[in-house]
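Adding 7 to a residue's 1-based position in the sequence shown gives its number in this note's numbering.
Note that CB positions come from ideal geometry on N, CA and C, so glycine has one too.
Report on the structure given below.
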Amino acid sequence: NGYTRKLKVPVFEASNHKLISKDERSYWIMTFIEDDSIHLHVRVAGLLLLVFAQPLANIVELEINDVTDLDGKLFLKLGSQAVPIPSPIVGLFRDYLDHRPNLRGANAGSSWLFPGVKAGRFITVDSIKEQFRKIGFTQFLGARSSSFEELLAIAPAPLVADALGYSYKSADKHSLVTNQSWAHYVG
């Protein structure tokens, strides 16, 4: 009609992030477990990313009631079912639960696992990223993908998807990268 210009809508393309090696993943897991100079909340967030392949956006939105203690074992609800927190990191998680930051004043009763500095808010993804960068952990996006693919190499995609809150489609797509199909597990 001559009154409007053509509208160009950009097409979203998922970016590929450089995966980290198993050795790099192991290094960062051990660093987050052992290095007391790193803030406790950063260590726990790093382990959630590296052990449970959780996106940072999901990590910061976890609530305290997503962690349960059953008969002395800690479980974390990420998907449709709670998964056990592995014994090498249980102590760190317990310590964090007892010493969560930002629980003063209006945030004293915060239900967020990672409470932010503003009352009633969780910590921001940018804040966690900045803390990661300060310690040299910059490949967090590739680290999450590597972790997810390593989990898919040892367990069926539907189980991993259910346990970690991923879609079946995403789990299946990543399992193809690892050359593991569901048939591999029924042998």
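Which whole runs of the alpha helix (DSSP H) in the segment 154–187 are 4 residues long or more, in chain order? 164–171, 175–184, all fully within the segment 154–187.
If you drop the 5 nearest sequence neighbours on each side, which residues of the same chain put their C-beta closer than 7 Å to that of H191? Summary for H191: the model assigns pLDDT 49, below 50, so the residue's position carries little reliability; its value from the coordinates is reported in the next sentence. For H191, there are no CB contacts under 7 Å within the same chain when 5 residues up- and downstream are skipped.
What residue range does the alpha helix (DSSP H) around K136 cover? That run of the alpha helix (DSSP H) goes 132–141.
Cβ neighbours of A60 in the same chain (closer than 7 Å, five flanking residues each side left out): Counting only Cβ-Cβ distances below 7 Å, and skipping sequence neighbours, we find R151, S154, F155, L158, L171.
Within a Cβ cutoff of 7 Å, which residues of the same chain sit near P95, ignoring the five residues on either side of it in sequence? So the qualifying residues of the chain are I40.
Less than 8 Å between the C-beta atoms of I36 and L54, yes or no? Note that the C-beta distance between I36 and L54 is below 8 Å.
Backbone secondary structure at A222 - three-state DSSP: Residue numbering for the chain in the displayed model covers 8 to 194; residue 222 lies beyond these limits and cannot be assessed.
Closest Cα partner of L77 within the set A89, P122, K176: Closest by alpha carbon: A89.
Taking a contact to mean a Cβ-Cβ separation below 8 Å, would you say P91 touches F100 in this structure? Their beta carbons are not under 8 Å apart, which means P91 does not touch F100 by this criterion.
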